[in-house]
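Contents: one structure, followed by commentary.
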Amino acid sequence: AQSVTQPDIHITVSEGASLELRCNYSYGATPYLFWYVQSPGQGLQLLLKYFSGDTLVQGIKGFEAEFKRSQSSFNLRKPSVHWSDAAEYFCAVGGAGGTSYGKLTFGQGTILTVHP
Amino acid sequence: NAGVTQTPKFRILKIGQSMTLQCTQDMNHNYMYWYRQDPGMGLKLIYYSVGAGITDKGEVPNGYNVSRSTTEDFPLRLELAAPSQTSVYFCASSAGHPSNQPQHFGDGTRLSIL
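First to last, the sequence lines map onto chains A and B.
One rule links them: number in my numbering = place in the first sequence (from 1) + 296.
One rule links them: number in my numbering = place in the second sequence (from 1) + 6.
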């Protein structure tokens, strides 16, 4: 069965500092990987996705993520955090076949707090 | 551009009551989903649909029912509300398979069962 682990429940950074949010996945074949962001009281918004090809993926709002197959990881990064980035971030994995068809599995989420 | 619209935004139910959470999308998406979100647990898939007339169970379907009579609407039914169903419910849709099409989420329904 597919699964996603986000080891950090809560991360605090200062505005302007760099950010890395960790995501580890388990999936039996080539995964499709996503990062979503959720602002308080809102639904989830897609930041970026990886299907194949270049392992460094660029997303919206200056975010990027790197797929590392050997480490089963898909960490999210941003070189300089803005106060408006404070939100909860979810990593998700999906697949194209078998019992995972049509389904995404989400991690537990990482809450990001940004200090001025 | 409305996207995915969920109603109501908030609801309090008594144990044993029933209710329907409404979800409608105006993007002509074939795929629709219902998730529940509990603190520290991420999102769990309840039911999904790949088109009108077709629904299937997700990870946590017990206590819920769905129907998909039109492309636009995907209501979620709670027949006998239980405290364990207190959660935030999100409806989502995608143009195609979620592996290559992003899911668009509604703003959620906060449901409390007392």
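Each residue gets a CB set at the ideal place from its N, CA and C atoms; glycine is no exception.
Per the contact definition of three or more C-beta pairs closer than 8 angstroms, is the segment 98–107 of chain B in contact with the segment 375–385 of chain A? The segment 375–385 of chain A makes no contact with the segment 98–107 of chain B; the number of CB pairs closer than 8 angstroms stays below 3.
Quick one: is Phe-386(A) near chain B, going by C-beta distance under 8 angstroms? Yes - at least one Cβ of chain B is within 8 angstroms of the one on Phe-386(A).
Among the residues of its own chain, which have a CB less than 6 angstroms from the CB of Gln-413(A), if the five just before and after it don't count? Nothing can be reported for residue 413(A): it is not among the residues displayed for chain A, which extend from 297 to 412.
For Val-410(A), which residues does DSSP report across the bridge? Val-309(A), per the DSSP bridge assignment.
Let me check one thing: in DSSP terms, what residues is Cys-319(A) bridge-paired to? Answer is none; Cys-319(A) lacks a bridge partner.
Tell me, to the nearest whole angstrom, how far the beta carbon of Gly-102(B) is from that of Thr-11(B); I am working on the premise that it is less than 8 angstroms. Incorrect: roughly 21 angstroms between the Cβ atoms, too far for contact.
My assumption, with CB atoms under 8 angstroms, is that Phe-1(B) sits in contact with Arg-116(B). Please give the rounded CB distance. Since the first and last residues shown for chain B are 7 and 120, residue 1(B) lies out of range.
Leaving aside the five residues before and after Pro-89(B) along the sequence, list all residues of the same chain whose C-beta is less than 7 angstroms from its C-beta, in chain order. The residues are Ile-21, Ile-119.
Close-in-space but distant-in-sequence residues of the same chain around Leu-27(B) (CB under 6 angstroms, 5 per side omitted): Take Leu-27(B), set aside five residues on each side of it, and the residues of its chain with a beta-carbon closer than 6 angstroms to its own are Leu-82, Tyr-95, Thr-115, in chain order.
Determine the DSSP secondary structure at Asp-381(A), reduced to helix, strand or coil. In the structure shown, Asp-381(A) sits in a helix (DSSP, three-state: H, G or I).
Note down, in chain order, all residues in the segment 334–360 of chain A with a beta-carbon under 8 angstroms from any beta-carbon belonging to chain B. Among the residues of the segment 334–360 of chain A, those with a Cβ less than 8 angstroms away from any Cβ of chain B are Gly-337, Gln-338, Gly-339, Leu-340, Gln-341, Leu-342, Lys-345, Phe-347, in the order of the chain.
Contact with chain A by Leu-51(B), beta-carbon distance below 8 angstroms: Contact with chain A is found for Leu-51(B), since one of that chain's Cβ atoms lies less than 8 angstroms from the residue's Cβ.
Buried versus exposed, by CB contacts within 10 Å (16 or more), Ile-4(B): Absent from the model: residue 4(B). The displayed extent of chain B is 7 to 120, so no value can be given.
For His-110(B), which residues in the same chain have their Cβ closer than 8 angstroms to its Cβ, ignoring the five residues on either side in sequence? A distance below 8 angstroms between beta-carbons, with the five flanking residues on each side excluded, links His-110(B) to the following residues of its chain, in chain order: Gly-9, Val-10, Gln-31, Met-33, His-35, Ala-98, Ser-99, Ser-100.
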